[in-house]
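Report on one structure; see the data block that follows.
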Amino acid sequence: MRAGTLVIAGAIASVTTLLGGGTAAAAPAPVMPQDGVYIVGVDISPGLWEAPGTPDQAHGCDWRRLWKVEGDNTDMRYVRANNYTRDTPVRVLIEAHDVAFRTVNCGPWRQLPTPPNSGSAGALPTRG
1 MRAGTLVIAG AIASVTTLLG GGTAAAAPAP VMPQDGVYIV GVDISPGLWE APGTPDQAHG
61 CDWRRLWKVE GDNTDMRYVR ANNYTRDTPV RVLIEAHDVA FRTVNCGPWR QLPTPPNSGS
121 AGALPTRG
């Protein structure tokens, strides 16, 4: 009887470890505090982002939406969209199918709230 109790206790401990032993992944951050490459869905979420722009007008803000991350991420073949600007502020829509986002000299980025749906889908077709 004692051996049976130990087997059951061991089985329960194993199941508890399997079900509750994992660590939860951190949610993507609502900010990109510095220059770098941020992985969409891991480091950041898709959506509308804003940065103050370049603090030094002698050097512009350079951002890139990437479909592949490789090497130093300067290969333009892996760029979905990009901009080099001295305008302030800077806004970009990062899409769910982007793999990563690269930013240089733009200042800290923050994710903007999703605007409410207007409910308007345009004019409906009419039968004539």
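In case it helps, the numbering used here puts the sequence shown at residues 1 to 128. C-beta atoms are modelled at their ideal positions from N, C-alpha and C, and glycine is treated no differently.
Contact between the segment 76-84 and the segment 35-43 is absent: fewer than three C-beta pairs spanning the two stretches fall below 8 Å. One Cα belongs to Ile94, the other to Leu66, and the distance between them is close to 10 Å.
Classified as exposed, Ala58 has fewer than 16 neighbouring CB atoms from the shown chains inside 10 Å of its CB. Taking all protein chains in view, the Cβ of Ala100 is crowded by 16 or more other Cβ atoms within 10 Å, so the residue is classified as buried.
Per DSSP, the continuous beta strand (DSSP E) segment holding Asn83 begins and ends at Val79 to Thr85. For Ile39, the enclosing beta strand (DSSP E) has its first and last residue at Gly36 to Ile39. Here Thr85 is exposed. Its C-beta has fewer than 16 other C-beta atoms within 10 Å. Rounded to whole angstroms, the gap between the alpha carbons of Arg102 and Ala27 is 19 Å.
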